[in-house]
Structure formats: C-alpha cells, structure tokens
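Beneath this line is the structure, given in structure tokens, with notes to follow.
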Amino acid sequence: MQRLILSAGLVALFMAPATARADFIFEGSAGMGYQVKPTAERLQNNIMVAPGYGIGTMVRAELGFVAGLADSKYDSTIELRPMFVFSPPVVPVFGRLIFAVTDVAGDPSYAYGGSLGLDAELLDTLGIFAEVGLLPRSVDNEMTWVTEGRVGAYFVL
Numbered sequence: 001m002q003r004l005i006l007s008a009g010l011v012a013l014f015m016a017p018a019t020a021r022a023d024f025i026f027e028g029s030a031g032m033g034y035q036v037k038p039t040a041e042r043l044q045n046n047i048m049v050a051p052g053y054g055i056g057t058m059v060r061a062e063l064g065f066v067a068g069l070a071d072s073k074y075d076s077t078i079e080l081r082p083m084f085v086f087s088p089p090v091v092p093v094f095g096r097l098i099f100a101v102t103d104v105a106g107d108p109s110y111a112y113g114g115s116l117g118l119d120a121e122l123l124d125t126l127g128i129f130a131e132v133g134l135l136p137r138s139v140d141n142e143m144t145w146v147t148e149g150r151v152g153a154y155f156v157l
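What follows is the structure, given as structure tokens:
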C-alpha cells in the first residue's frame, strides 16, 4: 500500500504542473558539431532560433531554424529542425527528438536523432540550457555520424 501511495504521489508531482500551463516559447542557441564516423572532423558552428508551443513543462513542439556558419571548410547552410522536447518539471534534465532537413537552399538531405541536456530556470519566464546530441545522416549514400553540443536560452511568452 505504501508503494501505491508513493507511486501516486510521484505521478501527481510530475503531472500536476504540466496540466496547469500552455505557453509559447522562444529559444535561441549556439552549437558546434563534430563528425565521428566515417572520418573524424570538426563541423561548422551554427546558431538556431526555435519558436515553439508547450503543454505545461512536460512536452513542447518546436521548429528550429539553423544557420550553419562558414567557419570551417564547409559553406554556410540553412537547416530546418522540427523537434519534440520532453522535460519533467521537477528534475533539470530534458530529452529532445530531432528531425532535420539540411541544406534547404541547395540539395536537401535528412537527419534524425536526439539529445539529452540540462536546463535551469532563472526566472519564471527565462531559462538556460546545455545539451549534447547525436544526429546521424546520409551523405552521398554513406551514413555519417554527427555529435553536436549546444548552449542557449529560452523565453516563455
């Protein structure tokens, strides 16, 4: 019986805040990629803005607009990233599912993956985050494994 009460309490703790709010969110971040397979090499830095909509603090849907900077051997690129973020309200950990359409202006290719991160709420409407992700993609019919580190801030409207 104690386990049942404890389980019900934990579920209420995680779910009660999630049903209380539905907000628009605006996120901005900077990232750096690193290709680990088939060859190891640094990829270009990028910046992303991602407007989104959240149902509470548990789930939000975002659409990221990514600009790859021409700071390495690669040219500038534009990328779209539809994403789903899962973030329990009590712990500062989140997960992100990512689907990316790369090189939108040229010859598009597709990537998919996810990331894990930590976030901290500074004010009721302002927070910061850091995450590490894995985005495998097919380039010239060869599977490429890319990791990406990202730091940023978000603002709840």
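Note that the working numbering gives residue 9 to position 9 of the sequence shown, counting from 1, and the numbers run on in steps of one.
From the three backbone atoms N, C-alpha and C, an ideal C-beta is built for every residue, glycine too.
Within the same chain, show all residues whose beta-carbon is closer than 7 Å to that of residue i, passing over the 5 residues directly before and after it, in chain order.
i     : result
Pro92 : Leu118, Asp119, Ala120
Could you tell me the distance, in whole angstroms, from the CA atom of residue i to the CA atom of residue j?
i      : j      : result
Met143 : Leu122 : 39 Å
Leu63  : Ser109 : 17 Å
Tyr154 : Arg60  : 12 Å
Ile55  : Phe65  : 21 Å
Met58  : Pro88  : 5 Å
Ile25  : Leu157 : 6 Å
Thr102 : Asp124 : 34 Å
Do the CB positions of residue i and residue j come within less than 8 Å of each other?
i      : j      : result
Ser29  : Val151 : yes
Gly113 : Leu80  : no
Any idea what DSSP makes of residue i, helix, strand or coil?
i      : result
Phe155 : strand
Met32  : strand
Pro108 : coil
Pro51  : strand
Lys37  : strand
Ala67  : strand
Asp75  : coil
On the DSSP bridge assignment, give the partners of residue i in chain order.
i      : result
Met83  : Glu62, Ile98
Gly120 : In the sequence on display, residue 120 carries Ala and not Gly. Beta-bridge pairing links Ala120 to Ile128.
Asn45  : Met32
Val93  : Leu118
Residues in the same chain with beta-carbon distance under 6 Å from residue i, minus the five sequence neighbours each way, listed in chain order, please.
i     : result
Asn45 : Met32, Leu69, Asp71
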